[in-house]
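What follows is one structure encoded as structure tokens, with my remarks underneath.
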Amino acid sequence: MNDLLQMLKEITEASGVSGYEKEIREVVKKYLRDYASLEEDRLGSLIFKKEGQNPYPKVMLAAHMDEIGFMVKSITTNGYIKFLPLGGWWDQVLLSQRVVIHTQKGPVIGVIGSKPPHILTEEERKKVVEKKDMYIDVGAKSEEEALNMGIRPGDPITPKSDFTIMNNPDLLIAKAWDDRVGCALMIEIIKELKSINHPNTVFGVATVQEEVGLRGAVTSSYVINPDVAIVLESDIATDMPGTEEEKKVFLGKGPSIILYDATMIPNINLRRIFIETAEKLNISIQFSALEKGGTDGGRIHIHAKGVPSIVIGVPARYIHSHTSIINIQDFLNAKRLILEVIKRLDKEIVENL
């Protein structure tokens, strides 16, 4: 496994649901501590500063560390774990999935319980089980036994899913591509900038608590006061059965520019620069629009007097579930594209965005 794949494995397998990003924070710091100076805000976001030829403009690269997951709500008298979602889950993807409860005594493996079809009533067969009715089986026979394992209300819970290279070696399965793919992009870009002259100062920001309200984007923007922002995200790949043909975003057809989401419309001139740069580099790009949901850009672009911003996505299938898939070529092309744009973002261009 090469260095890039090893980093992707570590960064996706690290735990870090919203508000509990300690483990993934350490992984990100490990990979960037030798390439940029580090500052942390009081909410937990990591801010890596890479100085270029000029202190201004200040370019913010933002990617969120937190993944969707759960929190222990309570323990039943017979040892089952009731839980709360952290982030947006579709009930239908949860039953029979393995999870890890992170306790003070260490990790506890469990499975979200599911009735076998043999004992379902006709009425139950017609309904999707709601999260409020689900539970996690950790093998405990009583509340006391679960407590002895170290489980307490408030403990974070993450999906259990291993990083896997598919038969097509460009396709990579992992949990948390939303948004560890953005974190990995930020890491690779900051590392590359060490040997590149760029007419600005770049701040690589690994934000916290995006999945529960874009919170780290707010606090880190106050620390930086950016002049321009590029949000690094996973985009929703729709190249599978059951999606509308005209809304397709494909794996392997390049990074995407998100034209619209429920929280932000990108800066038109910045969008034009990305499109022109992609054409110059002969990089295929895709366009998408998200009618629901948003990104850290939703908070960054309205910071202070306003920050010209754009969201660049790496398409991923099946996000907000235990397993999602990306194409590494989309990742590499996103890196090439963003690096080239950063080299163009001098004071004059940014002032005219």
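Just so you know, UniProt numbering puts the end of the sequence shown at 353, numbered straight through with nothing missing.
By construction, the Cβ of each residue, glycine as well, lies at the ideal position given by its N, Cα and C atoms.
Through-space distance from A289 to S275, alpha-carbon basis | For the purposes of this step, residue 275 is identified with residue 275 of the sequence shown, where counting begins at 1. For the purposes of this step, residue 289 is identified with residue 289 of the sequence shown, where counting begins at 1. Ser is not the amino acid found at residue 275; the sequence shown has Ile there. Going by the C-alpha atoms only, they are around 16 Å apart.
Entirely enclosed alpha helix (DSSP H) segments - the stretch 5-76, minimum 4 residues | 22-32
Whole-angstrom C-beta distance between A304 and S45, which should lie under 8 Å = Within the sequence shown, the letter at position 45 stands for residue 45. Within the sequence shown, the letter at position 304 stands for residue 304. The pair is not a contact, with the Cβ atoms about 17 Å apart (cut-off 8 Å).
By DSSP, does I302 sit in helix, in strand, or in coil?
-> Stepping through the sequence shown from its first residue, residue 302 is reached at position 302. I302: coil per DSSP, three-state reduction.
Rank D66, Y80 and D155 by C-alpha distance to the C-alpha of K105 and give the top, closest one.
-> Against the sequence shown, residue 105 aligns to sequence position 105. Taking only the C-alpha atoms, the option nearest K105 is D155.
Contained beta strand (DSSP E) runs [length at least 3] in the stretch 235-294, N- to C-terminal order = 256-260 and 286-289
Mind checking T121: buried by the 16 CB within 10 Å criterion, or exposed?
-> Translated into the one-based positions of the sequence shown, residue 121 becomes position 121. Exposed.
L332 versus G182: straight-line alpha-carbon distance, rounded = Translated into the one-based positions of the sequence shown, residue 332 becomes position 332. Translated into the one-based positions of the sequence shown, residue 182 becomes position 182. Cα to Cα, the separation comes out at about 12 Å.
Roughly how many angstroms separate the alpha carbons of G16 and D162, rounded to a whole number?
-> Residue 16 sits at position 16 when you count from the first residue of the sequence shown. Residue 162 sits at position 162 when you count from the first residue of the sequence shown. So the two alpha carbons sit approximately 15 Å from each other.
Cβ atoms of E23 and K175: under 9 Å apart, would you say?
-> Position 175 of the sequence shown holds residue 175. Position 23 of the sequence shown holds residue 23. Not closer than 9 Å, so no.
As assigned by DSSP and simplified to three states, the class of P117 | In the sequence shown, the residue the question calls residue 117 occupies position 117. Helix at P117.
Roughly how many whole angstroms lie between the Cα atoms of R125 and P117?
-> Start at 1 with the first residue of the sequence shown, and residue 125 comes out as number 125. Start at 1 with the first residue of the sequence shown, and residue 117 comes out as number 117. Near 8 Å, if we compare the C-alpha coordinates of P117 and R125.
Quick one: what's got a C-beta closer than 6 Å to P308's C-beta in the same chain, skipping five residues either side?
-> If you number the sequence shown from 1, residue 308 lands on position 308. If we look at P308 and ignore the five residues flanking it on each side, its Cβ neighbours are V228, N267, L270 and L353.
Any idea what DSSP makes of R98, helix, strand or coil?
-> Here residue 98 refers to the residue found at position 98 of the sequence shown. Residue state, collapsed to three classes: strand.
Go to K127, then tell me how far its alpha helix (DSSP H) extends in each direction, as first and last residue.
-> Here the question's residue 127 lines up with position 127 in the sequence shown. Segment: none, K127 is in no alpha helix (DSSP H) and carries neither H nor E.
Would E244 pass as a contact of P57 if the rule is Cβ separation under 9 Å?
-> Against the sequence shown, residue 244 aligns to sequence position 244. Against the sequence shown, residue 57 aligns to sequence position 57. Cβ atoms of E244 and P57: not closer than 9 Å.
Counted within 10 angstroms of its Cβ, other Cβ atoms place V128 as buried (16 or more) or exposed | As a first step, residue 128 is located in the sequence shown; it is residue number 128 there, counting from the start. V128 should be labelled exposed.
Nearest CA to the CA of G252: which residue from T263, A316 and V212?
-> Position 252 of the sequence shown, counted from the start, is the residue given in the question as residue 252. The shortest Cα separation from G252 among T263, A316 and V212 belongs to A316.
Closest to S99 by CA distance: which of E51, G293 and I112 is it?
-> For the purposes of this step, residue 99 is taken as residue 99 along the sequence shown, with counting starting at 1. What sits at residue 99 in the sequence shown is Val, not Ser. It is I112 whose Cα lies nearest to the Cα of V99.
Residue closest to A14, alpha-carbon to alpha-carbon, out of F287, K30 and K131 = Stepping through the sequence shown from its first residue, residue 14 is reached at position 14. Residue K30 is the option with its Cα nearest to A14.
Would you decide whether G52 is buried or exposed? Buried here means 16 or more other CB atoms lie within 10 Å of its CB.
-> Start at 1 with the first residue of the sequence shown, and residue 52 comes out as number 52. Classification for G52: buried.
Give the single residue among G294, I258 and K131 whose Cα lies nearest to the Cα of R272.
-> Translated into positions along the sequence shown, residue 272 becomes position 272. Here the closest residue by C-alpha is I258.
Under the three-state reduction of DSSP, which class applies to N148: helix, strand or coil?
-> On the sequence shown, position 148 is the one that residue 148 refers to. Helix at N148.
Whose C-beta lies closer than 8 Å to the C-beta of T164 among residues of the same chain, with five residues either side of it excluded?
-> Along the sequence shown, one-based indexing puts residue 164 at 164. Closer than 8 Å at the Cβ level, and outside the excluded window around T164, lie L172, I173 and A174.
Beta-ladder partner(s) of I312, from DSSP = Residue numbering aside, residue 312 sits at position 312 when the sequence shown is read from its first letter. Its beta-bridge partners are L232 and I257.
Where does A262 land, buried or exposed, given buried means 16+ other C-beta within 10 angstroms?
-> Taking the first residue of the sequence shown as position 1, residue 262 is located at position 262. Classification for A262: exposed.
Three or more C-beta pairs below 8 Å linking the stretch 129-138 and the stretch 78-86 | yes
Per DSSP, the bridge partner or partners of G204 | Position 204 of the sequence shown, counted from the first residue, corresponds to residue 204. According to DSSP, which records beta bridges pairwise, G204 is partnered with F48 and L61.
Three-state secondary structure (DSSP) of residue 359 = Residue 359 cannot be examined here, being either before or after the span of the chain that is shown, 1 to 353.
With 16 other Cβ atoms within 10 Å as the buried cut-off, status of F203 | Your numbering for residue 203 matches position 203 in the sequence shown. Under this definition F203 is a buried residue.
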